[in-house]
Structure formats: structure tokens, C-alpha cells
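These notes concern the structure reproduced below.
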Amino acid sequence: FSRQSNMGKLFVLNIFCVLFFNVTSKQIPSYVSLCKINDPNLSMCLKDSINALRPYLVKGIPEMDLPPGEPLQFPSVSADTGGNSAVSVKAKSWNHTVSGIMDFILNDISLDLKHSSFSIAVLFPSLRLKGQYTFKGKVLLFEIDTEGTYALEATNVTASGYSHLRSYMKESKEHVEFENVQFNVDVKTAKINFTNLIKGNDEMTEAANTAINQNINIVIDELRGIIGQVFGELLFMYFNSVFRLFPVDELLPEN
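Mind the numbering: the sequence shown is residues -25 to -1, 1 to 230 in mature numbering (1 follows the signal peptide of the UniProt record, and there is no 0), read in order.
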């Protein structure tokens, strides 16, 4: 019995060592070009570094807890537009897949640890998004209480955002978290198609889709806040994953 007990303890110890090693042995990949925190051209360095990472971001960087970016999959989003506007719905969508996000053009990026601020401006030439949804409420003149799938195509999507940086200590090392994200999104053109939008009525669903796309600018304007929220969660998911895993002095060394 004693021998079995010791073997059991040894087994547990081995498992612990494997898990501990995997958690603590994360290293920044050698192909990541690091920027110096005191670089007077830090913004340009960050832009060049992120652009150079694009091929790796497409496939994902497991060493930095970054999932494959093309296509990118992300979890559910819930929204309530409220009010009596043209779009007044309680909605939930999930099983999202977005393509084209890694074709981004990074127009501007700024990181200021001294003032705990971060800003970014990005252009996406073309995005394709699909997933599942539930709607309850009103879209234009249509009363809706249904669920189905959707597919969205958008071009020239500009996104600009700001975030506060919260500094905290982890294992005696300084980390930062991106919080209080504020994001504005503009879409030049878009087309969307919902299945089963008018439950069980294909003809009315087609009519509703036609009406929505004929008034797509109104719909986008009504949903601007929600669209900004989704983009903010998507982009800052990347930054928070990296800064949660690695301390500031490793990601942005002084020397």
C-alpha cells in the first residue's frame, strides 16, 4: 500500500511539474521584433513590428496565446439597442467566423505607459462575417422574433479606438491590462443576408433582407455602438492576451 501511495504521489508530482513548466516556460518567439519603451519613434516601431507579424498572426501564435486570425473565430455577442428607433432589438449572435481581418492596414498606433493610454486606427479593405443569431424586436417596419444564420460583407471598414491601461503586478513583474475600451467604426458599403428572419416565411424573409440592404446605412448607424463594441473586443483580445502572458519589461525592454 505504501509503495502504491508513493507511486501515486510521484505521478501527481510529475503532472504538476509538466503543467508548471508549460505555464511558466512561455517565451516570446524569436521572429517577434521587440520595440524599446524609450524609443522616440515607438509608434512607428510598433507599426512595423505588427505588420511584420502578419503572416504569423494569420496562422496563430500559440506561444503568445494568439489564435489563428484567418479566419478568426470568436464567441457570442449580446446586444440591446433599446429605444424606438428604426432598429430596436434584443439580439444575440454566436459561432462567429470573420475573414479578411488580417488584411488590415494599420494607420496609427500609440502606446503611452506614462499616461496609461493606448490608441489605434485601422482600415479593413474587406470583411466577411457569418454566424448564428436570435432577434426579438423591430427592424425597420418588420416585427421580428426569430433565430437563424447571417452572412455579412463589408468594405472599407475604418476602426479607431482608445483604451486605458491598468498596471498590475504578477509574480513581481509589471503587466498591463487594456480596459475601458472606446471604439468608433465606419463602414463604407455593406450587404447582409439573414435566414429565417421572418420565421417560417421565406418570401417575407427575402423582402425583409431587401429592405434592410436598401437602408443599410440607416441600420449601420443605429447599430454603430454595438459594432464598435464587437470590434473593440476583437482587437483588444489580442493585446490583452499578450500583455497578460508577458510582463512589460519583456515586451517593451528599455535596452
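Just so you know, even glycine gets a beta-carbon here, dropped at the ideal spot from N, CA and C.
- Judged by DSSP in its simplified three-state form, residue 127 adopts strand.
- The beta carbon of residue 63 is closer than 6 Å to those of 56, 112 and 113 in its chain, skipping five residues each way along the sequence.
- Between residue 122 and residue 230, the alpha-carbon positions lie close to 55 Å from each other.
- Per DSSP, residue 63 is one residue of the beta strand (DSSP E) stretching across 62 to 74.
- Distance between residue 38 and residue 116, taken at the CA atoms: about 49 Å.
- C-alpha of residue 206 to C-alpha of residue 134: approximately 8 Å in a straight line.
- A straight-line Cα-Cα distance of about 20 Å links residue 7 and residue 152.
- For residue 195, there is no enclosing beta strand (DSSP E); the enclosing alpha helix (DSSP H) has its first and last residue at 191 to 197.
- Put simply, the backbone Cα of residue 177 is about 18 Å away from that of residue 189.
- Selection 10, 4 and 1 evaluated against residue 228 yields 10 as nearest (Cα-Cα).
- Rounded to the nearest angstrom, the gap between the Cα atoms of residue 45 and residue 175 is 34 Å.
- Of the candidates 208, 162 and 148, the residue whose Cα lies closest to the Cα of residue 224 is 148.
- Secondary structure of residue 171 (DSSP, three-state): coil.
- Per DSSP, reduced to three states, the secondary structure at residue 204 is helical.
- Shown here, residue 79 sits in coil according to DSSP, grouped into three states, outside any helix or strand.
- In the structure shown, the three-state DSSP call for residue 40 is coil.
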